[in-house]
Every structure is written in structure tokens, then in C-alpha cells.
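Each residue of the sequence shown is one higher than the last, beginning at 1 in UniProt numbering.
Everything on this sheet refers to the single structure shown next.
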Amino acid sequence: MAVLTPYIFSMDARTQADFYLRAFGGEIVSVLTYQEQPEVAGEPARERVLYLSLVAGGMNFLMSDTWLEPISRGSGMELSLEFAGESEAQEAFDKLAAGGSVKSPLKRSSKGALFGQIEDKYGVIWRITNRSEAKLA
């Protein structure tokens, strides 16, 4: 069985990781900078994050800085989070929306679960929902 782990590229991985930790709770597990690699290419990169691992909301995420060119977020991928309860979903929705834009407000769907969509201030699109008693067909 494979495990899917989101790998998010950032202009400032440490700051973005802190934002997600405030939204979901959790911790940064490890950080490796370019300085810690013997083959560092160029002084400007030395303090940048080569690899950051965090556990937030019980989920594993990987992150890395990119600085050579701006990040262009595609419209072909979104991260979908399903929470056990409505209050957890609402809290995550509100925190991720801070500084970003709400694409679809968090509200009850026809299946009984809450659903909302956000583009966070870093350009990552999140679909937030909660488990529903209704079974999907």
C-alpha cells in the first residue's frame, strides 16, 4: 500500500509551515538547510530549506524552499481534508482562510456534510469537509 504525502514548494517554507501548524496543530519533525548539504550551490541558498517535514493535524507534509523563480500554482491539484467533526472543519477553514480567499463558503452539502474551498495566502487550494452520517452512493 502506498502513502500519499503532499510536498509543497514555497518561497519561505518555515513561515508557511508555521501557518499550517497554527491551522492544524502539530510539529515540525525535521529541517535540513542547503548549508547542511556539502554540494550547496551558491551563498544565497545556504539558509534556505532543502527539506522540511511536519506533522499537522495528524497528517504528514513535506516542504521545500524555492527561490530561483516565483512559484506558479496550477489549477490541476487541490488538497482535500476531511475532519471527524464540524467544529474541527470550521476551525481549520477559518484559519486557512486568514489572508487568503474563500472560493466556496463552508456550508452543508446535499450529502449532509460541511464543504468549503479556500485558496490560502500561499496559493494552495484546500477543500475542507467533515464526515457525514449519510453514506455516499
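We put the CB at the ideal spot given by N, CA and C, even for glycine.
Contact check, residue i vs residue j, beta carbons under 7 Å
i      : j      : result
Val29  : Val49  : no
Leu81  : Met63  : no
Trp126 : Leu96  : yes
Gly85  : Ser104 : no
Nearest neighbour of residue i, chosen from the options [CA to CA]
i           : options                       : result
Val124      : Leu4, Tyr20 and Arg14         : Tyr20
Ala92       : Ser101, Gly57 and Asp65       : Gly57
Phe61       : Val31, Glu69, Gly85 and Ala45 : Val31
Ala23       : Met59, Ala45 and Gln35        : Met59
Asn130      : Ala45, Ala13, Val3 and Ala89  : Ala89
Thr5        : Leu79, Ser132 and Val102      : Leu79
residue 148 : Asp94, Gly100 and Ser110      : Residue numbering for the chain in the displayed model covers 1 to 137; residue 148 lies beyond these limits and cannot be assessed.
Contacting residues, own chain, Cβ-Cβ under 6 Å from residue i (five flanking each side not counted)
i      : result
Gln16  : Ser10 and Tyr122
Tyr7   : Leu62
Ser109 : Phe115
Ala98  : none
Helix, strand or coil at residue i [DSSP, three-state]
i      : result
Arg127 : strand
Tyr122 : coil
Leu4   : coil
Contacting residues, own chain, Cβ-Cβ under 7 Å from residue i (five flanking each side not counted)
i     : result
Ala13 : Val49, Leu52, Met63, Ser64 and Asp65
Asp83 : The sequence shown places Phe at residue 83, not Asp. Around Phe83: Ala89, Ala92 and Asn130.
Gln35 : Arg46 and Glu47
Contacting residues, own chain, Cβ-Cβ under 8 Å from residue i (five flanking each side not counted)
i     : result
Gly25 : Ala56 and Gly57
Gln70 : Here the sequence assigns Pro to residue 70, which means Gln is not the residue at that position. Result list for Pro70: Met11, in chain order.
Thr33 : Arg46, Glu47, Arg48, Val49 and Leu50
Trp67 : Met11, Pro44, Ala45 and Arg48
Gln37 : Leu50
Return the chain-ordered ranges of every beta strand (DSSP E) run that is complete within the stretch 32 to 108 and spans a minimum of 3 residues.
-> 49 to 56, 59 to 65, 79 to 83 and 101 to 108
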